[in-house]
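Participant: Protein sequence lines correspond, in order, to chains A and B.
Just so we're aligned, residue 1 is where the first sequence starts under UniProt numbering, counting upward by one.
Just so we're aligned, residue 1 is where the second sequence starts under UniProt numbering, counting upward by one.
Number of protein chains: 2
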Amino acid sequence: MPEHPSPWQNHILAALPAAAQERLLPHLTPVPMPLGKVIYEAGDNLEYVYFPTDCIVSLLYVMENGASAEISVVGKEGMVGIAVFMGGGSTPSRAMIQSGGSAYRLPGQRLRDEFNHQDASMRMLMLRYTQALITQMAQTAVCNRHHTIDQQLCRWILLSLDRLPDNRLSMTQELIANMLGVRREGVTEAAGKLQKLGVIEYHRGHITVLDRPAMERLSCECYAVVKKETDRLQSPLPPEATVPARPLNSLSR
Amino acid sequence: MPEHPSPWQNHILAALPAAAQERLLPHLTPVPMPLGKVIYEAGDNLEYVYFPTDCIVSLLYVMENGASAEISVVGKEGMVGIAVFMGGGSTPSRAMIQSGGSAYRLPGQRLRDEFNHQDASMRMLMLRYTQALITQMAQTAVCNRHHTIDQQLCRWILLSLDRLPDNRLSMTQELIANMLGVRREGVTEAAGKLQKLGVIEYHRGHITVLDRPAMERLSCECYAVVKKETDRLQSPLPPEATVPARPLNSLSR
DNA sequence: TACAATGTGTGTGGTAGCGCACATACCGAA
DNA sequence: TTCGGTATGTGCGCTACCACACACATTGTA
């Protein structure tokens, strides 16, 4: 069995035309993504970007007093390090691995080359993914303002679930609390309710979702908005509003 | 006196090299931007983008139950309608004029043409501006989670002030409450405190900032983070991390 | 000058989430 | 088997904010 998953498990890499895949492949390095590792710190100059295959990375802001809040989450549908092609080279937020697995690493300059390549496929994919990321951030802001911990917990678990292979996730309540920017006790209480309802089952850092439809009902609208917009922006045939008219090849592999 | 301000009052247009300015000028139409007007609704397909010269536009999300929250704010430093070049063509949020004035309108296709032009200036400017916008959204999320209404009001007024010519803004407390996603009474109370401290003075929809340094002290860190990052991303000479090495001409006029 | 519309001040009770202090349960290592 | 670290449960007082209700003041208009 292979030590690393195929790079084409990442949706962006998979959606590239064969020629672009061939250009990138020699520069893609598989890297382990252990839980808790900080990929980059706020203000760091980004040397590499990462394409997750089966891990989840959280982008979170850490305040001066140590309190934190998750801005958005990245899994196999996206990439970590958009500041590399956006031009800033760094961001005020931290990228931390929230669920272990592996990813493919690409030097920043290679990404910029491909971004500016005559074949605009990579550019289109990156920009559309960035818009999905923006939607997620915007919805996080709304959710933080208006929704209860119970609703937010549901949203958060669902977003994670969409990026994982099965219905189980390994996360302590403490960690979840850091992501949501709330007290651990608040998560304990919310999770207790969900368990009592038979929607989830958890046990020392391991959560199993038993009734996903119920979960979606209990979540706020934010999850659905983000999911719908992400799907729209990553549908294989982009709408005519897209920059160049040249269609993408359907993925090779 | 001219009926419309010069397009070069907009920082993005001003930062373009002369050749790019000449390409765009014939397609830039001055448009009035009256307070309260909705530039585009959530889900609308964007026909035009707007470059404010002296108005402020709020991007805000309106929930199913009618509650709202501001995602970010755009003034003469930026543009409205990034979804046009990001590829989505629409967003789940609304763009509404928060402070009246005027702007220059550009057809979406013209923007895409310039975005993909061999001269990458426009592309660089747009991408860097987008990153600044992302920073603002992320910080809004953090602020909504952790800070009090008093702090957020300071942040919000400062962000608006940076986009206006003087130290006065015309906004009712009701409007501000909608932007911050809180009750009007909450804003009344916070504004009352600021007035008592002699930091601001207001009178039926007109706020005058008397002591800006105090305002900055009373604000949360979020304002400073956004300001610093925005300045960094829009400094005239981008750092080497930027996509193409070709330098921008320093702005004409 | 009357009047309605608009903008602001204030009070009362209710609740979600906080900070803190512990208690308890589980699990792996010595 | 004991023990110490880790994960979770629970209670208590506190505060910021909410929802609602209503008073009052300013402004433009008839």
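Ideal Cβ placement from N, Cα and C applies to all residues, glycine included.
Computed from a predicted structure; not experimentally measured.
Check the DSSP bridge columns for V74 of chain A and list the partner residues they point to.
Facilitator: A:V57
Participant: Taking C-beta pairs closer than 7 angstroms, name the residues in chain B that H146 of chain A reaches, listed in chain order.
Facilitator: M63, A67, A69, G181
Participant: Report the three-state DSSP secondary structure of V182 of chain B (helix, strand or coil).
Facilitator: V182 of chain B falls in the coil class under three-state DSSP.
Participant: Among residues of its own chain, excluding the 5 on either side of Q234 of chain A, which ones have a beta-carbon nearer than 8 angstroms to its beta-carbon?
Facilitator: H11, A15, E77, R128, Y129, A132
Participant: Inspect the CB distances between the segment 137-156 of chain B and the segment 43-55 of chain B and report whether three or more fall short of 8 angstroms.
Facilitator: A contact between stretches requires three or more CB pairs, one per stretch, nearer than 8 angstroms, and the segment 137-156 of chain B fails this requirement with the segment 43-55 of chain B.
Participant: Cβ closer than 7 angstroms: which chain A residues qualify as neighbours of Q93 of chain B?
Facilitator: In the sequence under discussion, the amino acid at residue 93 of chain B is Ser, which differs from the Gln named in the question. Within 7 angstroms Cβ-Cβ: A138.
Participant: Chain B beta carbons: is any one of them nearer than 8 angstroms to that of P221 of chain A?
Facilitator: With the sequence shown as reference, residue 221 of chain A is identified as Glu, and Pro is not the correct amino acid for it. Chain B contact via Cβ: present.
Participant: In or out: G205 of chain B buried (at least 16 other Cβ within 10 Å) or exposed?
Facilitator: exposed
Participant: Could you list which residues in chain B have their beta carbon closer than 7 angstroms to that of residue 340 of chain A, in chain order?
Facilitator: Any property of residue 340 of chain A remains undetermined from this structure, which presents chain A solely from 1 to 253.
Participant: Can you tell me which of A:L125, A:K196, A:A83, A:S90 puts its alpha carbon nearest to the alpha carbon of P236 of chain A?
Facilitator: Nearest neighbour of P236 of chain A by Cα position, chosen from A:L125, A:K196, A:A83, A:S90, turns out to be A:L125.
Participant: Check E201 of chain B in the structure and name its three-state DSSP category.
Facilitator: Three-state DSSP puts E201 of chain B in a strand.
Participant: Express the C-alpha separation of R123 of chain A and I149 of chain B in angstroms, rounding to a whole number.
Facilitator: 40 angstroms
Participant: Could you round the C-beta distance between V62 of chain A and Q98 of chain A to whole angstroms and report it? I think they count as a contact, below 8 angstroms.
Facilitator: Not really, about 14 angstroms apart at Cβ, beyond 8 angstroms.
Participant: Tell me whether L210 of chain A sits in a helix, a strand or coil according to DSSP, three-state version.
Facilitator: coil
Participant: For L127 of chain A, would you say it is in contact with chain B, using Cβ-to-Cβ distances shorter than 8 angstroms as the test?
Facilitator: yes
Participant: With DSSP as the reference, identify every bridge partner of T29 of chain B, one or two as the case may be.
Facilitator: B:R105
Participant: What residues are listed by DSSP as bridge partners for V38 of chain B?
Facilitator: B:M96
Participant: Establish whether the CB of A81 of chain B and some CB of chain A are separated by less than 8 angstroms.
Facilitator: This sequence places Gly at residue 81 of chain B; Ala is not what is there. G81 of chain B does not count as touching chain A.
Participant: What are the residues that DSSP puts in a beta bridge with L169 of chain A?
Facilitator: A:I207
Participant: In angstroms with no decimal places, state the Cα-to-Cα distance between L169 of chain A and I157 of chain B.
Facilitator: Roughly 42 angstroms between the two C-alpha positions.
Participant: Would Q131 of chain A count as contacting chain B if we go by Cβ distances under 8 angstroms?
Facilitator: Closer than 8 angstroms: yes.
Participant: Look up P5 of chain B in the DSSP assignment and give the residues it is bridged to.
Facilitator: Per DSSP, none; premise fails for P5 of chain B.
Participant: Taking the beta carbon of Q109 of chain A as the centre, do at least 16 other beta carbons fall within 10 Å, making it buried, or is it exposed?
Facilitator: exposed
Participant: Determine whether the Cβ of M124 of chain A lies closer than 8 angstroms to any Cβ atom of chain B.
Facilitator: yes
Participant: Here's the rule I'm using: 16 or more other beta-carbon atoms within 10 Å means buried, otherwise exposed. How should S6 of chain B be labelled?
Facilitator: That one is exposed.
Participant: Take G88 of chain A and list the residues in its own chain whose beta-carbon comes closer than 7 angstroms to its own, dropping the five residues that flank it on each side.
Facilitator: Excluding sequence neighbours, G88 of chain A sits near nothing in its chain.
Participant: Just to confirm, is the Cβ distance from A103 of chain A to V209 of chain A under 8 angstroms?
Facilitator: No, these two residues do not count as a Cβ contact at 8 angstroms.
Participant: For the putative contact between Q151 of chain B and L180 of chain B, defined by C-beta atoms under 8 angstroms, what is the C-beta separation to the nearest angstrom?
Facilitator: So it is not a contact: roughly 11 angstroms between Cβ atoms.
Participant: Smallest Cα separation from R163 of chain A: which of A:P213, A:Y40, A:T230, A:N45?
Facilitator: A:T230
Participant: Can you tell which of B:L161, B:R183, B:R217 has the C-alpha that lies nearest to the C-alpha of I207 of chain B?
Facilitator: B:L161
Participant: Would G100 of chain B and M171 of chain B qualify as a contact pair, given that the criterion is a beta-carbon distance under 8 angstroms?
Facilitator: no
Participant: Contact check, V80 of chain B vs A69 of chain B under 8 angstroms by CB: the rounded distance?
Facilitator: Contact between V80 of chain B and A69 of chain B does not hold, since their C-beta atoms are separated by about 18 angstroms, which reaches or exceeds 8 angstroms.
Participant: Closer than 8 angstroms by C-beta to P92 of chain A: which residues in its own chain qualify, once you throw out the five before and the five after it? Chain order, please.
Facilitator: Closer than 8 angstroms at the Cβ level, and outside the excluded window around P92 of chain A, lie A42, G43, Y61.
Participant: Tell me the rounded alpha-carbon separation between G36 of chain B and D166 of chain B.
Facilitator: 20 angstroms
Participant: Determine the chain A residues that contact E229 of chain B at a beta-carbon separation under 7 angstroms, and present them in chain order.
Facilitator: P92
Participant: Can you confirm whether V225 of chain A, when its beta carbon is compared against all beta carbons of chain B, has any partner nearer than 8 angstroms?
Facilitator: yes
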